[in-house]
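What follows is one structure encoded as structure tokens, with my remarks underneath.
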Amino acid sequence: QGKVLGVYNLFLREPRAISPEVVRLYRSIGEHLGMALENARLARENVRMTVMNERQMMASEVHDSLAQTLAYMKMRLALLLDTLRSGERERALKYASDLQDGLGEAYADLRELLAQFRSRMDPLGLVHALESIAAGFEDRTGVALTIDNRLPELDLGVDEEANVFHILQEALANVARHSGARRARLVLERRGTEYVFSVEDDGSGFFALGSAQGSPNLRHHLGVNIMRERAQRVAGRLEIANLPQGGARVRLVFPALAAERAAAP
């Protein structure tokens, strides 16, 4: 690309003219070395940006969850101290109860954040990682999980794989923790220019419905917020719905062409 990345020297035992073929050979070697150096630099830059993005995401999630809960608890603590000084027992008990609830919420948020950021992507790729989860899912959770992979040649970039894996992992964790389901299904497919990955279960569905039937209002749920932010990072969207026959579906939709370009060498 016209940039000088380094110099290598050719030393001869005795002075002699270098043939055009040799010049072309060493020029080609130099170009390949330059490409290798540039690719290594880009790989380091990609790792650096990935780490920065993860740190930014972690900071924003801590701010949106723990920081706000702790701020609420701080205000309640000040009110509790005032009521204790004035001897208002009933109000003091109310503020103490609020503090207890806030502490429980903060603890739950912290555990959820730790679960999100401790998990690692399988080095063998997304499909292998999901199959590893499915292998022991029923023994661990009591929910029978099947994978319907309609993309045998699925190939995503490193960042896309990591974000997609964390979204599907959290969706499956929600099935295990909250749904009361007996069966769940994970579907990987492509529809036109988009990848569509879905987690469906036969449980109780999402308890909080929005104005439209079957469309849960979960904007303030911490795990869902993290999933939605990860979906945005792959230029996608997260769709959450109760199913007409019962149960729920979490669907990740993102552009296939962009993901394929990211995976290209």
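Here the sequence shown is numbered in the numbering used here, starting from 9 and rising by one per residue.
Even glycine gets a Cβ: it sits at the ideal position worked out from N, Cα and C.
Per DSSP, reduced to three states, the secondary structure at Arg190 is coil, with no helix or strand assignment.
In this structure, Arg257 sits near Leu251, with a CB-CB distance shorter than 8 Å. Ranked by Cα distance from Asp209, the first of Gly254, Gln177 and Glu178 is Gly254. Checking the DSSP bridge columns, you'll see Asp209 partnered with Ala192 and Ala256. The beta carbon of Leu180 is closer than 8 Å to those of Ile141, Phe145, Leu153, Ala192, Leu194 and Val207 in its chain, skipping five residues each way along the sequence.
In this structure, the beta-carbon distance from Leu107 to Leu122 does not fall below 8 Å.
According to the DSSP assignment, Leu153 belongs to the beta strand (DSSP E) that extends over Ala152 to Asn157. In the structure shown, the three-state DSSP call for Phe145 is helix. Check the Cα spacing between Asp167 and each of Ala100, Leu20 and Ala239: the tightest is with Ala239. In this structure, Val242 lies near Asn171, with their beta-carbon atoms less than 8 Å apart. Scanning Thr201, Ile155, Val70 and Val183 for the CA closest to the CA of Ile234 turns up Val70. Between the alpha carbons of Glu39 and Ala25 lies a distance of about 22 Å.
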